[in-house]
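Asker: Input: one structure, supplied below.
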Amino acid sequence: MTTLHKPLAPDATIGILGGGQLGRMLAQAAHELGFRVHIYSDKKDSCAFDVAKLSTCAPYDNWARLADFLNTVDAVTYEFENIPAETAAFIAARKPLFPNADVLATTQDRVKEKRFVNSLKIATAPFAPVNSSTELSMAFAKIGMPAILKTARLGYDGKGQVKLDKGDDLGTAWRSIGEQPAVLEGFVKFEREISVVIARDASGKTAAFDPAENVHRNHILHTSTVPAKITPALAKEAVNIATKIAKALNYVGVLAVELFVVKKGAKRELLVNEIAPRVHNSGHWTMDGAQASQFEQHIRAVAGWPLNSAKRVGKSAVMTNLIGDEVLGWEKIAKEPGASVHLYGKGAAKAGRKMGHVTRVKL
Ligand code: AMP
Numbered sequence: 003m004t005t006l007h008k009p010l011a012p013d014a015t016i017g018i019l020g021g022g023q024l025g026r027m028l029a030q031a032a033h034e035l036g037f038r039v040h041i042y043s044d045k046k047d048s049c050a051f052d053v054a055k056l057s058t059c060a061p062y063d064n065w066a067r068l069a070d071f072l073n074t075v076d077a078v079t080y081e082f083e084n085i086p087a088e089t090a091a092f093i094a095a096r097k098p099l100f101p102n103a104d105v106l107a108t109t110q111d112r113v114k115e116k117r118f119v120n121s122l123k124i125a126t127a128p129f130a131p132v133n134s135s136t137e138l139s140m141a142f143a144k145i146g147m148p149a150i151l152k153t154a155r156l157g158y159d160g161k162g163q164v165k166l167d168k169g170d171d172l173g174t175a176w177r178s179i180g181e182q183p184a185v186l187e188g189f190v191k192f193e194r195e196i197s198v199v200i201a202r203d204a205s206g207k208t209a210a211f212d213p214a215e216n217v218h219r220n221h222i223l224h225t226s227t228v229p230a231k232i233t234p235a236l237a238k239e240a241v242n243i244a245t246k247i248a249k250a251l252n253y254v255g256v257l258a259v260e261l262f263v264v265k266k267g268a269k270r271e272l273l274v275n276e277i278a279p280r281v282h283n284s285g286h287w288t289m290d291g292a293q294a295s296q297f298e299q300h301i302r303a304v305a306g307w308p309l310n311s312a313k314r315v316g317k318s319a320v321m322t323n324l325i326g327d328e329v330l331g332w333e334k335i336a337k338e339p340g341a342s343v344h345l346y347g348k349g350a351a352k353a354g355r356k357m358g359h360v361t362r363v364k365l
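Per the working numbering, the sequence shown runs over residues 3 to 365.
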């Protein structure tokens, strides 16, 4: 189901698939609006369970548990894009699911996603699908070096990716990603990376946050800064791209579009790197630096409510992720006036694990 007959009233229950920090912050935003939340996750240590009235821990293909979950909810959303297609179909046949199941099918596969983006006359890095080591050689001939080989499915934070330079052995690269369907992308010498986080409601109205400028460390987002160091015209172009994508997907909820800014002489060109059909790490600054957070906007859209304002408050905001041990500096951060710290209650600070974030807004 992709429609609600009327907006959900407070006290309705929103089901969320996935129990990580995004699910947790979505649940917190839902509570602010008076909703109840039911988290469904296959992981026992899901930090979103701690903040939800109802929770189910079961595999995503446990149809009996899913049916029980669906009996308790009025609408369903998700915090991660790798929901199995059968699960999405099972849910959509029974309850309103936002964003719709087709969005998942398009964004779960990098090749499908890039073709979709190009079909809207929006540029991406040059790419070629790769399904065998022979196809990798052919793709290499077409794309050239340097390039990045990425698994078509299930990659995140740089996982399932390998950079290829001249002289690298293609067979080794193919084996290193597990010999699975992939895409070879031209390596983009970008000037900066930005993202647009945009909300679209059931009536088709959109509200985009200011584009954020993102810096990665070890393939994991380190900081998001707003405003991004780009011209107002380029910011507008980036928002137009995200709006076009959201509309073409008949999207309801919050969507993030990651883009590369490429210098072309005196001009700048935008290439779409990735679409995330969910709230996004580069939108966390909105909790403290915008009139409504991305989480509130997502819940509003899912509940059939109108969107709130996405206007930035303050001159600038910098969101810094607390990865692994970095969270151990919480006492120092807690003493810093104006530093808004958000910890996810995940327990052990494992290397590479997103433990929290801190946003510094300049008023
Ligand atoms: P992804 O998993 O596609 O979001 O990629 C993670 C990060 O790797 C991006 O944010 C970029 O910093 C870098 N990256 C990905 N694809 C490319 C590319 N085609 N050219 C240059 N850098 C890339």
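Glycine is no exception: its CB is placed at the ideal position from the N, C-alpha and C atoms.
Every value quoted in this text rests on a predicted model; they were computed, and no experiment measured them.
#1: Taking 6 Å as the line, does the beta carbon of L119 fall inside it for any heavy atom of the ligand AMP?
#2: Less than 6 Å between the CB of E2 and some heavy atom of the ligand AMP, yes or no?
#3: Nearest to S139 by CA position, among G347, G169, V198, is which residue?
#4: Note down the Cα distance separating E83 from V119, rounded to an integer number of angstroms.
#5: Taking the straight line between their C-alpha atoms, what separation do you get for L106 and A154?
#6: Following a CB-centred definition, is E187 positioned closer than 6 Å to any heavy atom of the ligand AMP?
#7: Between which two residues does the beta strand (DSSP E) harbouring S48 extend?
#8: Measure the beta-carbon distance from A369 to A244 and round it to whole angstroms, keeping in mind my assumption that it falls under 8 Å.
#9: How many Å lie between E260 and A11 at the Cα?
#10: Among the candidates N275, K313, G347, N64, whose CA atom is the shortest distance from the CA of V113?
#11: Is P131 helix, strand or coil when you go by DSSP?
#12: Helix, strand or coil: how does DSSP classify R155 here?
#13: Please determine, among A319, K317, V360, the residue with the shortest C-alpha to C-alpha distance to A336.
#14: For H286, count neighbouring Cβ atoms within 10 angstroms of its own Cβ and tell me buried if that reaches 16, exposed if not.
#15: Taking the alpha-carbon positions, what's the E88 to D63 distance?
#16: Measure from the alpha carbon of L35 to the alpha carbon of each residue in V363, S342, K348, A294, then state which is nearest.
#17: Specify the secondary structure class of I85 as computed by DSSP and reduced to three states.
Answerer: Based on what the coordinates show:
#1: Your numbering for residue 119 matches position 117 in the sequence shown. In the sequence as displayed, the identity of residue 119 is Val instead of Leu. Incorrect: V119 has no Cβ contact closer than 6 Å to the ligand AMP.
#2: Outside the displayed span of the chain (3 to 365) sits residue 2, for which this structure offers no information.
#3: By one-based count along the sequence shown, residue 139 stands at place 137. When C-alpha distances from S139 are compared across G347, G169, V198, the shortest belongs to G169.
#4: Locating residue 83 in the sequence shown gives position 81, where the first residue counts as 1. Locating residue 119 in the sequence shown gives position 117, where the first residue counts as 1. Looking at the two C-alpha atoms, the distance is approximately 17 Å.
#5: Position 104 of the sequence shown holds residue 106. Position 152 of the sequence shown holds residue 154. If you take the alpha carbons of L106 and A154, they lie about 14 Å apart.
#6: As a position in the sequence shown, residue 187 is number 185, starting the count at 1. Yes; taking the cut-off as 6 Å, the Cβ of E187 has a heavy atom of the ligand AMP nearer than that.
#7: As a working note, residue 48 is residue 46 in the sequence shown. Following the DSSP letters along the chain, one finds S48 in no beta strand (DSSP E), marked with neither H nor E.
#8: Absent from the structure is residue 369, since the part of the chain shown begins at 3 and ends at 365.
#9: Indexing the sequence shown from 1 puts residue 260 at position 258. Indexing the sequence shown from 1 puts residue 11 at position 9. Inter-residue distance for E260 and A11 is about 33 Å (C-alpha atoms, whole angstroms).
#10: Within the sequence shown, numbered from 1, the residue matching residue 113 stands at position 111. Here the closest residue by C-alpha is N275.
#11: Here residue 131 refers to the residue found at position 129 of the sequence shown. The answer is strand: DSSP assigns P131 an E or B state.
#12: The count along the sequence shown starts at 1 and reaches residue 155 at position 153. R155 falls in the coil class under three-state DSSP.
#13: Here residue 336 is taken as the residue at index 334 of the sequence shown, counted from 1. Residue V360 is the option with its Cα nearest to A336.
#14: The residue labelled residue 286 in the question sits at position 284 within the sequence shown. That one is buried.
#15: On the sequence shown, residue 88 is found 86 positions in, with the first residue counted as 1. On the sequence shown, residue 63 is found 61 positions in, with the first residue counted as 1. Cα to Cα, the separation comes out at about 8 Å.
#16: Residue numbering aside, residue 35 sits at position 33 when the sequence shown is read from its first letter. It is A294.
#17: In the sequence shown, the residue the question calls residue 85 occupies position 83. In the structure shown, I85 sits in coil (DSSP, three-state: anything other than H, G, I, E or B).
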